[in-house]
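Asks:
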Amino acid sequence: MYRVLARNGLALPENCTAEVRHQAEMRKEAFTDPPTRRNRLWQADFSEFETSGAGTWNLGGVVDYWAKVNLACAVTAAKTTADAIGFLDTALAETENLLGIGWTEDLVDPDTGEVGKLRLVTDNGPCFKSARFTAWVAS
Numbered sequence: 814m815y816r817v818l819a820r821n822g823l824a825l826p827e828n829c830t831a832e833v834r835h836q837a838e839m840r841k842e843a844f845t846d847p848p849t850r851r852n853r854l855w856q857a858d859f860s861e862f863e864t865s866g867a868g869t870w871n872l873g874g875v876v877d878y879w880a881k882v883n884l885a886c887a888v889t890a891a892k893t894t895a896d897a898i899g900f901l902d903t904a905l906a907e908t909e910n911l912l913g914i915g916w917t918e919d920l921v922d923p924d925t926g927e928v929g930k931l932r933l934v935t936d937n938g939p940c941f942k943s944a945r946f947t948a949w950v951a952s
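Add 813 to a position in the sequence shown, counting from 1, and you land on the number used in this note's numbering.
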């Protein structure tokens with residue numbers, strides 16, 4: 814069975830356990846010191862929705878951890894990098910729409926003037942680990 818999975822690119826590479834543990838530790842660390850303001854920690858992931866006609870749709874959602882607000886929920890046929898970037902762009906636009914200011918302006922702490930960071934927690938699926946997604950985050 815392993816040979817069939819490996820031949821089709823479906824088996825985990827050797828020695829990937831350390832990387833998986835490191836990523837799990839980073840996700841856990843994001844929730845150890847929970848945010849005290851909105852737009853400091855977002856959770857994003859795809860979920861599958863099976864239809865009665867035996868089809869499957871993918872729901873790409875983004876939730877603000879502190880505010881408990883769903884900022885985007887795109888319905889897609891696949892789980893591509895473009896789909897992930899699309900629903901995150903929608904979440905950023907919705908944040909600006911809800912607040913009436915730019916999302917980067919909201920990162921500034923009103924008391925100290927310090928610019929905070931928006932952390933994004935995902936399941937590290939292929940679309941979130943791609944070079945294109947990394948470049949989008951860096952931009």
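Glycine included, C-beta positions come from ideal geometry on N, C-alpha and C.
Check ALA887 in the structure and name its three-state DSSP category.
Replies: Residue state, collapsed to three classes: strand.
Asks: VAL875 bridges to which residues according to DSSP?
Replies: Answer is ALA857 and ALA885.
Asks: Work out the CA separation of MET814 and ALA885 for me, nearest whole Å.
Replies: Using only the alpha carbons, I get a separation of about 39 Å.
Asks: How big is the Cα-Cα spacing for SER943 and ALA837?
Replies: So the alpha carbons of these two residues sit roughly 18 Å apart.
Asks: Is LEU872 closer than 9 Å to VAL934 when the C-beta atoms are compared?
Replies: Not closer than 9 Å, so no.
Asks: So LEU931 packs on ASN852, CB below 8 Å; how close in whole Å?
Replies: Between ASN852 and LEU931 the Cβ distance is about 6 Å, and since that is below 8 Å, they are a contact.
Asks: What would DSSP say about THR869, mapped onto helix, strand or coil?
Replies: THR869 falls in the strand class under three-state DSSP.
Asks: Suppose the cutoff is 7 Å on Cβ atoms and the five residues either side in sequence are ignored; what does the same chain contact list for PRO848 look like?
Replies: Result list for PRO848: LEU854, TYR878 and TRP879, in chain order.
Asks: Strictly by DSSP, which residues pair up with PHE862?
Replies: Paired residue(s): TRP870.
Asks: Just to confirm the assignment, what range does the beta strand (DSSP E) spanning LEU933 have?
Replies: LEU933 -> beta strand (DSSP E) spans 932 to 934.
Asks: Just reading off the alpha helix (DSSP H) that MET839 is part of, what are its end residues?
Replies: From DSSP, the alpha helix (DSSP H) with MET839 extends over 830 to 845.
Asks: To which residues of the same chain is LYS881 closer than 6 Å at the C-beta, ignoring the five residues directly before and after it?
Replies: Excluding residues within five positions, none has a Cβ falling inside 6 Å.
Asks: Note the first and the last residue of the continuous alpha helix (DSSP H) segment covering GLU986.
Replies: Past the boundaries of the shown model lies residue 986; the chain is included only from 814 to 952, so the question cannot be answered.
Asks: Beta-carbon within less than 7 Å of THR864's beta-carbon, same chain only, minus the 5 sequence neighbours each way: which residues are those?
Replies: Counting only Cβ-Cβ distances below 7 Å, and skipping sequence neighbours, we find TRP870.
Asks: Are PHE900 and ALA891 close, meaning C-beta to C-beta below 9 Å?
Replies: It is not a contact, given that the beta carbons lie outside the stated cut-off.
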